[in-house]
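Trainee: Top line first, the protein sequences correspond to chains A and B.
Counting from 1 along the first sequence, just add 131 to a position and that's the residue number in our numbering.
Counting from 1 along the second sequence, just add 1164 to a position and that's the residue number in our numbering.
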Amino acid sequence: MSQSSPLLEVKDLKKHFPIQRGVFRKVVGHVKAVDGISFTIEPGETVGLVGESGCGKTTVGRMIMGAYRPTNGEIWFKPEDDVERINLAALTPSEMKPYRRYAQMIFQDPFASLDPRMTVREILAEPLVVNKLAKGAELEGRVRELIEMVGLKIQHLNRYPHAFSGGQRQRISVARAMALFPRLLVADEPTSALDVSVQAQIVNLALEIQQRMGIAYLFISHDLGLVRHFSKKIVLMYVGRVVEYAPAENLFGRPRHPYTEALMSNVPSTKPELMGRKIILKGDPADPINPPPGCPFHPRCLYAQKLCSEDYPPLREIGPQHFVACHFAESLDLRGCDALGCVI
Amino acid sequence: MFLNDDFVRRMRRNGMAMAGLGIVVVLFCVAIFANQLSPYPPSHIDTTNILAPPTWSHPLGTDVLGRDVLSRMIHGAGVSLSVGFVAVGISTLIGMILGAVSGYYGGLMDRIVMRFVDVMLCFPSFFLILAVIAFVGPSIWNIMIVIGVTSWMGVARLVRAEFLSIRERDFVQAAISQGARDGRIIFLHILPNALAPVLVAATLGIASAVLIESGLSFLGIGVQPPDPSWGNMLTEGKDNIEIAWWLSVYPGMAILTTVMGYNMLGEGIRDSLDPRLRR
């Protein structure tokens, strides 16, 4: 039984933010930040959620964390092995409270995610105190374990966040998230505010902890190259929808969506002779308030045909576990990272 | 807290703020040691020495009943300070609670509280205070309370604005996802980060509370004679202003200096807390 159901199953998730105008707050339209996405995460595995800025990746993460209420859809989460899974999307904030500790989050901006008025000790102790998991000497012991787990020192506990660099703050965030032994960690671009050298340290730290504690990750990023590194499956989003969802090796070996190909062609390559093939997309991403008819990607697509501007291509399975939203997925011969010689 | 090294260094370099702080500290000492500092008891009547001009035995002269003006002013300092602090304490407490609730919960709660603020702001507050005092009777406690409950609106708006912006910060989201309750988030996470502008508003608020108290006492519905207060000393002085200028000038200067001191201190704190806001 426990093997058959995944840790997290997101079904047809939508979030539409109303746009209100005027004195009477009349709703004049909706920003379709997330418009029907589905994916699953098995216990202990890493799923990469990739897309460009504003495509709705963060909104998905925040809905799973319960910060936003979905407009539509289901979020099935299994907090423990021998517990029935529950639909988080149907719970009120107070009903959700007992399940919150099983899913934790690391944030993009390490300068906003730690309370500037609290010492590191207070920050790390808070989750344990709030959930009444430890107190007194046991609490101090746990806090020390946590800070050492992320490679910082016990004497750092008395300092305030402003005394730390971005990378160190992100380590503190990781320690805080791990305090409750979550089953799922939502990492919302945890490295995008850091230097490249520090990015690798944080990613390695996260992977090391994952192996030790068996946590599943939802790794949100705009960087395909980074995500390839450790994701088992990849969900690629474009303007609130999934364009391609596949196991990482299939996606990078043979992408089936033109958008995926375009992104891959821009990952730095070890084969400079192929660099000329870089696909530069024209124009801006579609407006989520008023998306174009048909496929939202068609105005920028190199392979677009008449059908693309008329019909929306539904997400369909074209290989084992490989889902694509493109009318011509079978006929296009697209080149993935392997053919392009991407670094990483 | 926000009183970090940077803040202290900028305060030290700010001449105006230090002058204001000096005035406030001196006033405090005067109020605390009033009995030791004043040459005569404040209500000591000396009918042989009425309306005496400043001399060595009465440095600031005497009033119509022969009471020493300096002694009465020294005792009046305590009245001004206690009215200022208690009134601002009340208004800050009310303002913080309503502002926090309004900013944190938002929605209907926010709209109700903010409309209530608008209604309160519609009344000319001095006349509102006059009306209430006429109803409940003048006493120093009534004045403190009435000033407090009619001047919390600015703090409420300020705290609400801070809550609206801090509520959206990631560390609040992190606390929510750990299962922290609302009370913990409001008091341990958001409020400490919202205190800096409240401190500035409170300091400036003391200045205006002192001014209102003086005004009420001047009109005869504040501190009641024979208890000395700078405001009621002005009232007594105005009848004899042609023959005894010292009765009006010294209490007036005391009010001026106090209000200026708090304003300078408040503005100094504001500039030092966030140097970018400086004009």
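The beta carbon of each residue, even a glycine, is placed where N, CA and C say it ideally should be.
Since we're looking at a predicted model, the values are computed, not measured.
Just to confirm the assignment, what range does the alpha helix (DSSP H) spanning B:His1239 have?
Mentor: Position 75 of the second sequence, counted from the first residue, corresponds to residue 1239 of chain B. Taken as a continuous stretch (DSSP letters only), the alpha helix (DSSP H) holding B:His1239 covers Val1233 to Tyr1269.
Trainee: Nearest-angstrom Cα distance between A:Thr202 and A:Asp166?
Mentor: On the first sequence, residue 202 of chain A is found 71 positions in, with the first residue counted as 1. On the first sequence, residue 166 of chain A is found 35 positions in, with the first residue counted as 1. Cα to Cα, A:Thr202 sits roughly 9 Å from A:Asp166.
Trainee: Taking the alpha-carbon positions, what's the B:Leu1437 to B:Arg1173 distance?
Mentor: Translated into the one-based positions of the second sequence, residue 1437 of chain B becomes position 273. Translated into the one-based positions of the second sequence, residue 1173 of chain B becomes position 9. For B:Leu1437 and B:Arg1173, the distance between alpha carbons rounds to 11 Å.
Trainee: Chain A beta carbons: is any one of them nearer than 9 Å to that of B:Pro1356?
Mentor: Here the question's residue 1356 of chain B lines up with position 192 in the second sequence. Yes, B:Pro1356 lies at the interface with chain A (some Cβ there is under 9 Å from its Cβ).
Trainee: Would A:Glu350 count as contacting chain B if we go by Cβ distances under 9 Å?
Mentor: Reading the first sequence from its first residue, position 219 is the one you call residue 350 of chain A. The residue you asked about is not Glu; residue 350 of chain A is Phe in the sequence shown. No, because no Cβ of chain B sits closer than 9 Å to the Cβ of A:Phe350.
Trainee: Give the straight-line distance between the Cα atoms of B:Phe1351 and B:Tyr1268, rounded to the nearest whole angstrom.
Mentor: The sequence position of residue 1351 of chain B within the second sequence is 187, counting from 1. The sequence position of residue 1268 of chain B within the second sequence is 104, counting from 1. Their Cα atoms are separated by approximately 11 Å.
Trainee: State the Cα-Cα distance for the pair A:Arg216 and B:Ala1320, rounded to the nearest angstrom.
Mentor: Residue numbering aside, residue 216 of chain A sits at position 85 when the first sequence is read from its first letter. Residue numbering aside, residue 1320 of chain B sits at position 156 when the second sequence is read from its first letter. Distance between the alpha carbons of A:Arg216 and B:Ala1320: 44 Å.
Trainee: Can you confirm whether A:Leu277, when its beta carbon is compared against all beta carbons of chain B, has any partner nearer than 9 Å?
Mentor: Sequence index remark: in the first sequence, residue 277 of chain A carries index 146 (1-based). For A:Leu277, the answer is no, since every Cβ of chain B falls outside 9 Å of its Cβ.
Trainee: A:Leu245 to A:Arg372, Cα distance in whole Å?
Mentor: In the first sequence, the residue the question calls residue 245 of chain A occupies position 114. In the first sequence, the residue the question calls residue 372 of chain A occupies position 241. Approximately 31 Å between the Cα atoms of the pair.
Trainee: Give me, in chain order, the residues of the same chain whose beta-carbon lies closer than 7 Å to that of B:Ile1209; leave out the 5 immediate sequence neighbours on both sides.
Mentor: Taking the first residue of the second sequence as 1, we reach residue 1209 of chain B at position 45. Result list for B:Ile1209: Leu1229, Gly1230 and Arg1231, in chain order.
Trainee: Are B:Ile1330 and A:Ala198 closer than 9 Å when you measure CB to CB?
Mentor: As a first step, residue 1330 of chain B must be located in the second sequence, where it is residue number 166. As a first step, residue 198 of chain A must be located in the first sequence, where it is residue number 67. Not in contact: B:Ile1330 and A:Ala198 (Cβ atoms no closer than 9 Å).
Trainee: Using only the alpha-carbon positions, how far apart do A:Met132 and A:Thr171 sit?
Mentor: Residue mapping note: residue 132 of chain A aligns to position 1 of the first sequence, counting from 1. Residue mapping note: residue 171 of chain A aligns to position 40 of the first sequence, counting from 1. Residue placement at A:Met132 is poorly supported in this model, since its pLDDT is 41, which falls under 50; the coordinates are not used for a value here.
Trainee: Below 7 Å on C-beta distance, what does A:Ala324 contact in chain B?
Mentor: What you label residue 324 of chain A is simply residue 193 of the first sequence in a count that begins at 1. By Cβ distance, chain B contributes nothing, its closest Cβ being about 11 Å from A:Ala324, past 7 Å.
Trainee: For B:Asp1274 and chain A, any beta-carbon pair shorter than 9 Å?
Mentor: On the second sequence, residue 1274 of chain B is found 110 positions in, with the first residue counted as 1. Chain A contact via Cβ: absent.
Trainee: So for A:Phe350, helix, strand or coil by DSSP?
Mentor: For this step, residue 350 of chain A is matched to residue 219 along the first sequence. Residue state, collapsed to three classes: strand.
Trainee: Please report the Cβ distance between B:Ala1132 and B:Gly1416, rounded to the nearest whole angstrom; I am assuming they are in contact, meaning their Cβ atoms lie under 8 Å.
Mentor: Limits of chain B in this structure are 1165 at one end and 1443 at the other, which puts residue 1132 of chain B out of reach.
Trainee: Leaving out the 5 sequence neighbours to the left and right, which residues in its chain are closer than 7 Å to A:Lys188 when beta-carbon positions are compared?
Mentor: On the first sequence, position 57 is the one that residue 188 of chain A refers to. Taken in chain order, the residues that qualify are Leu180, Gly182, Ile351 and Met368.
Trainee: Would you kindly report the start and end of the unbroken beta strand (DSSP E) that includes A:Ala164?
Mentor: Start at 1 with the first residue of the first sequence, and residue 164 of chain A comes out as number 33. A:Ala164 -> beta strand (DSSP E) spans Lys157 to Ile172.
Trainee: Kindly list, in the order they appear in chain A, the residues whose Cβ is closer than 7 Å to that of B:Phe1335.
Mentor: By one-based count along the second sequence, residue 1335 of chain B stands at place 171. Here the neighbours are Ala243, Ser244, Leu245 and Asp246.
Trainee: Under a three-way DSSP split, which group does B:Arg1442 fall into?
Mentor: As a working mapping, residue 1442 of chain B is identified with position 278 in the second sequence. Bear in mind that the predicted position of B:Arg1442 carries a pLDDT of just 47, short of 50, making it unreliable; the figure below should be weighed with that in mind. Residue state, collapsed to three classes: coil.
Trainee: So with CB distances below 8 Å, who are the chain A contacts of B:Gly1270?
Mentor: Residue 1270 of chain B sits at position 106 when you count from the first residue of the second sequence. Near B:Gly1270 there are no residues of chain A at all, since even the closest Cβ is about 13 Å away, more than 8 Å.
Trainee: Spatial neighbours of B:Asn1357 within its chain, please: C-beta separation below 7 Å, excluding the five flanking residues on both sides.
Mentor: Position 193 of the second sequence holds residue 1357 of chain B. Within the same chain, B:Asn1357 has close Cβ partners Ile1330.
Trainee: Round the Cβ separation of B:Ser1255 and B:Gly1347 to the nearest angstrom and send it over; I've been treating them as touching at under 8 Å.
Mentor: To locate residue 1255 of chain B, count along the second sequence from 1; it is residue 91. To locate residue 1347 of chain B, count along the second sequence from 1; it is residue 183. Going by Cβ atoms, the distance from B:Ser1255 to B:Gly1347 rounds to 23 Å, so no, they are not a contact pair.
Trainee: Which of the three DSSP states, helix, strand or coil, is assigned to A:Asp442?
Mentor: Counting from one through the first sequence, the residue named residue 442 of chain A turns up at place 311. The answer is coil: DSSP assigns A:Asp442 none of H, G, I, E or B.
Trainee: Can you tell me whether A:Tyr376 is helix, strand or coil according to DSSP?
Mentor: By 1-based counting over the first sequence, the position of residue 376 of chain A is 245. Residue state, collapsed to three classes: strand.
Trainee: Where does B:Ser1372 sit, in a helix, a strand or coil, going by DSSP?
Mentor: Counting from one through the second sequence, the residue named residue 1372 of chain B turns up at place 208. Helix, per DSSP.
Trainee: So that I know if they touch, is there some Cβ in chain A lying closer than 9 Å to that of B:Arg1348?
Mentor: Within the second sequence, residue 1348 of chain B is the residue found at index 184, counting from 1. True, the Cβ-Cβ gap to chain A drops below 9 Å.
Trainee: For the region 265 to 329 of chain A, list the alpha helix (DSSP H) runs that are entirely contained and at least 4 residues long, ordered along the chain.
Mentor: DSSP runs (the alpha helix (DSSP H)) wholly in the region 265 to 329 of chain A: 267 to 280 and 297 to 309.
Trainee: Quick check: what's the CA-CA separation for A:Ala347 versus B:Leu1429?
Mentor: The residue you call residue 347 of chain A lines up with position 216 of the first sequence. The residue you call residue 1429 of chain B lines up with position 265 of the second sequence. Cα-Cα distance, rounded: 54 Å.
Trainee: Go ahead and pull the three-state DSSP assignment for A:Gln235.
Mentor: In the first sequence, residue 235 of chain A corresponds to position 104, counting from 1. Correct three-state label for A:Gln235: strand.
Trainee: Give a yes or no on whether the C-beta atoms belonging to A:Cys454 and A:Leu446 are separated by under 9 Å.
Mentor: As a first step, residue 454 of chain A must be located in the first sequence, where it is residue number 323. As a first step, residue 446 of chain A must be located in the first sequence, where it is residue number 315. Residue 454 of chain A is actually Phe in this sequence, not Cys. Yes, the pair counts as a contact, with Cβ atoms nearer than the cut-off.
Trainee: Going by DSSP in three states, B:Thr1421 sits in which element: helix, strand or coil?
Mentor: Sequence index remark: in the second sequence, residue 1421 of chain B carries index 257 (1-based). Looking at B:Thr1421 - three-state DSSP - the assignment turns out to be helix.
Trainee: Alpha carbon to alpha carbon, how far is A:Gly192 from A:Ile449?
Mentor: For the purposes of this step, residue 192 of chain A is taken as the residue at position 61 of the first sequence. For the purposes of this step, residue 449 of chain A is taken as the residue at position 318 of the first sequence. In a straight line, the C-alpha of A:Gly192 is about 27 Å away from that of A:Ile449.
Trainee: Given that a residue counts as buried once 16 or more other Cβ atoms are within 10 Å of its Cβ, and exposed if not, what is A:Ala456?
Mentor: In the first sequence, the residue the question calls residue 456 of chain A occupies position 325. A:Ala456 comes out buried.
Trainee: How would you call B:Phe1291, buried or exposed, if buried means at least 16 neighbouring beta carbons within 10 angstroms?
Mentor: The residue you call residue 1291 of chain B lines up with position 127 of the second sequence. B:Phe1291 is exposed by the Cβ-count criterion.
Trainee: Residues of chain B with CB under 8 Å from A:Phe238, in chain order?
Mentor: As a first step, residue 238 of chain A is located in the first sequence; it is residue number 107 there, counting from the start. Within chain B, the residues near A:Phe238 are Asp1334, Gln1337 and Ala1338.
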